[in-house]
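Residue numbers (the UniProt record's numbering), protein chains in the order written: chain A, 1 to 565; chain B, 1 to 336. Note that CB positions come from ideal geometry on N, CA and C, so glycine has one too.
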């Protein structure tokens, strides 16, 4: 017994000839179907190239169009020739002109000889198929498809929609349970004969002729009607991408293909000289007698589809620029924004870095320049600290920073003195953790030695800016994790908020806080706020701050360094 | 509104094609080997002026990639570029002394040659200091890419123009004919690109890199555009509008995914910052033939005379396309 190959060819016929010659040379009969659209000259060239093989036949030619019955008709015609002319054939293997055998033909013959009654055909009920493209699975069998999907996509879609709306359904012939699967199969002679000589074949053919993509369902459904073992997998390695287009193999896939231990792969780029040379060589160096294992290749292609459909979150580049709301992650990793902490604690970024290990920047959106950590003039990815450059596209500046530092968490200070345009962006970014001590900007004013009239004006302006920013953070669209304390609350009990910060942004096994940052001297701050009030301004973002230093929530000793239990 | 806009763009495209048609008279054929172009060949189109020293490596690079025919417009070179090109068996050459600026920075000439010779072909339109890098370009020729794009019904490939520079002052390592420019200019900025979208013509507008950082830090809005669409399955109704930054019909500019996925894209490595730029900047400034009053060259000339070092601590050294892929400057998309 041996295996016979049915080849459906429509392009790169010189490659098809090589493969057909290879199989025929190993004593396997080949029946070739050439698409009727192929020019006669090319067909003749193929026939001439293969004329020395007495076990190669050409069958009647059909005009083949993807998704239509013509492909089934072609395979039927060729299979009939195979069964009629080569009685010694035990299995029939359906292949295409762009298939390439990966293992020695005798290996395949042995493999099939050991499983004489088994048909290898992927055959899955429609409910269980995850891979259909365009959402048509069960409906392939119940709707009509008179319009070409390739040439008249609009009509195709409209007609499907119309049938859905009218509730028109075709009747599936008695006794058939629709199954689908890869169109590349290897059937045992007995099973194939039973399908092709079934007394009801005319009825089935009539039905399937109007099914959508029947080459993925005709044999897959009918094989279930007949006795004989069905092994529901294809011996041909053939992967499809999200558009339903087969992945193509190139020279650089050589090792991957070799290690897959599959018998046949599709589809091979016609100019992949090295693949053809290696795998059609007398000894392609494959392991013998092992089961095919396409898992590794599956992963490579699954990754490619993932890259195309989901992309890398937080990346903006020439091939990926999501519309607003479609980013699946405005930035690529979590980062923390601290508002007010820089005013209230001396050397806050340095402390933050010690306590959490994160990269702690100063005010990245300061009006004069981006204050990168360690006072650097440039940062990861060659980001420049220039304010004009940053403010030209602050969203890009921030997404770049987070992208460029993948693997290292970033923290930055922000406040009402900074350029505000970035505010909405991190408010709507689920990766942002925003920690706010409201009103703390006043501490810096309080400590400045500027004339009070100026201070009064600045205070009013900064309060307005921060109030607007806080409104932004409190909107319904906000996706950032926001936590806001008034300055009075924080000064009253600073350890708890700081511990919360460390717990949430620090490393997983966060230590207890052993060192608190140094709070600036707030003696007289209450009076300062009162002075602002006396000048007619209402500083409200700080919370309830007592006027007299005696009743200040911050006792003298509290201003020393804190040591937790 | 939509219809009016669409019509305006149509008019704009027609005007470009008419300009290209009229400007064809400015081109004189020097070496016409276009009869040798076979259907399905991959073609390259370029305008140049006094780039003799770069040509041997340029031709070798693209021949190895699989380009089958080169179309050059020589804009009045006097350094032997024309003679050299005319001798190459796979080059067709046209000559003109007319204004580069008035020919829309050479694009009218390119549009004419593309319309005349590239219909139905994959055409790569680049400058002689631009070197295409696409996914798997170290193991697959460009036809692997174009075949796959054809099968995916994709008509154009988007790229980022990646400015490459040496470490140290530009003039320290002189470029020698035939050498790989990226052996010395092997550094680039990996993550400071700013993207926005042009809602009329749908193309991305990308700025950044060392040119924005060093020459345009105080007026970033004027920093050069880095978005390029150099590889297109050409149709005679297409037209490049502004350099190769954008095309019409505007659907060709949709080389990026808008729903979060990544489309296959590449990089154009830009070998502009070699020691040759010092002479070039002065000469081009004198001619005043470049975009926006040659402001780019003005900026260079001033700084280039100081012989600047574009390199910084965060510069990245070029290794291969996979590195660019990992850094997020290009993407394999679903090509594997």
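Put simply, the backbone Cα of residue 132 of chain B is about 30 Å away from that of residue 326 of chain A.
DSSP places residue 339 of chain A inside the beta strand (DSSP E), whose first and last residues are 335-339.
For the beta strand (DSSP E) assignment, the uninterrupted runs of no fewer than 3 residues enclosed by the segment 175-223 of chain B are, from N- to C-terminal side, 193-197, 204-208. With respect to the 8 Å criterion, residue 358 of chain A and residue 124 of chain A are not classified as neighbours on the basis of their beta carbons. The DSSP-derived three-state label of residue 246 of chain A is strand.
Burial is judged here by how many other beta carbons sit within 10 angstroms of a residue's own beta carbon; residue 173 of chain A has fewer than 16 and is exposed. Beta-bridge partners assigned by DSSP to residue 246 of chain B: B/242. The beta carbon of residue 55 of chain A sits closer than 8 Å to those of 24, 27, 28, 29, 30, 86, all from its chain and outside the five residues before and after it, given in chain order.
Out of A/486, A/456, A/307, the CA that lies nearest to the CA of residue 265 of chain B is found in A/307.
The beta carbons of residue 89 of chain A and residue 82 of chain A sit about 6 Å from each other, so the pair counts as a contact at 8 Å. Contact check for residue 373 of chain A against residue 363 of chain A fails: the beta carbons are separated by 8 Å or more. DSSP places residue 358 of chain A in the coil class of the three-state scheme, outside both helix and strand. By the C-beta density criterion, residue 452 of chain A is exposed, having fewer than 16 other C-beta atoms within 10 angstroms. For the set A/237, A/515, A/534, the Cα lying nearest the Cα of residue 348 of chain A is the one of A/515. Looking from the CA of residue 226 of chain B, the closest CA among B/237, B/12, B/161 belongs to B/161. According to the DSSP assignment, residue 42 of chain A belongs to the alpha helix (DSSP H) that extends over 40-49. For residue 248 of chain A, the residues of chain B that pass the 7 Å Cβ criterion are 148, in the order they occur in the chain.
Straight through space, the alpha carbons of residue 247 of chain B and residue 182 of chain B are spaced by roughly 29 Å. Rounded to whole angstroms, the gap between the alpha carbons of residue 446 of chain A and residue 399 of chain A is 34 Å. Within the same chain, and ignoring the five residues on either side of residue 333 of chain B in sequence, the residues whose Cβ sits closer than 6 Å to its Cβ are 262, 263, 264. For residue 205 of chain B, the closest of B/228, B/219, B/167 by C-alpha to C-alpha distance is B/228. One alpha carbon belongs to residue 89 of chain B, the other to residue 59 of chain B, and they sit about 11 Å apart.
Non-local C-beta neighbours of residue 472 of chain A in its own chain, meaning closer than 8 Å and more than five positions away in sequence, comprise 423, 424, 427, 478, ordered along the chain.
Contact check for residue 389 of chain A against residue 220 of chain B passes: the beta carbons are separated by less than 8 Å. In the three-state reduction of the DSSP assignment, residue 411 of chain A falls in the strand class, which pools E and B. Between residue 150 of chain B and residue 315 of chain B, the gap from beta carbon to beta carbon reaches 8 Å or more. Proximity of residue 152 of chain A to chain B, defined by a Cβ-Cβ separation below 8 Å, is not satisfied.
Counting along the chain, residue 188 of chain A sits inside the beta strand (DSSP E) bounded by residues 186-188. Closest by C-alpha distance to residue 162 of chain A, out of A/146, A/248, A/278, is A/146. Check the Cα spacing between residue 211 of chain A and each of A/178, A/234, A/193: the tightest is with A/178. Comparing C-alpha distances from residue 293 of chain A to each of A/270, A/282, A/259, A/312 shows the shortest one belongs to A/259. From the beta-carbon of residue 326 of chain A, the residues of chain B found nearer than 7 Å are 258, 259, 260. In summary, no residue of the segment 186-210 of chain A has a CB separated from any CB of chain B by less than 9 Å. Around the beta-carbon of residue 10 of chain A, 16 or more other beta-carbon atoms lie within 10 Å, marking it buried. Between residue 438 of chain A and residue 413 of chain A a beta carbon distance of about 15 Å is seen, past the 8 Å cut, so the two are scored as non-contacting. Under the 8 Å Cβ criterion, the segment 33-49 of chain B does not count as touching the segment 9-25 of chain B, having fewer than three qualifying pairs.
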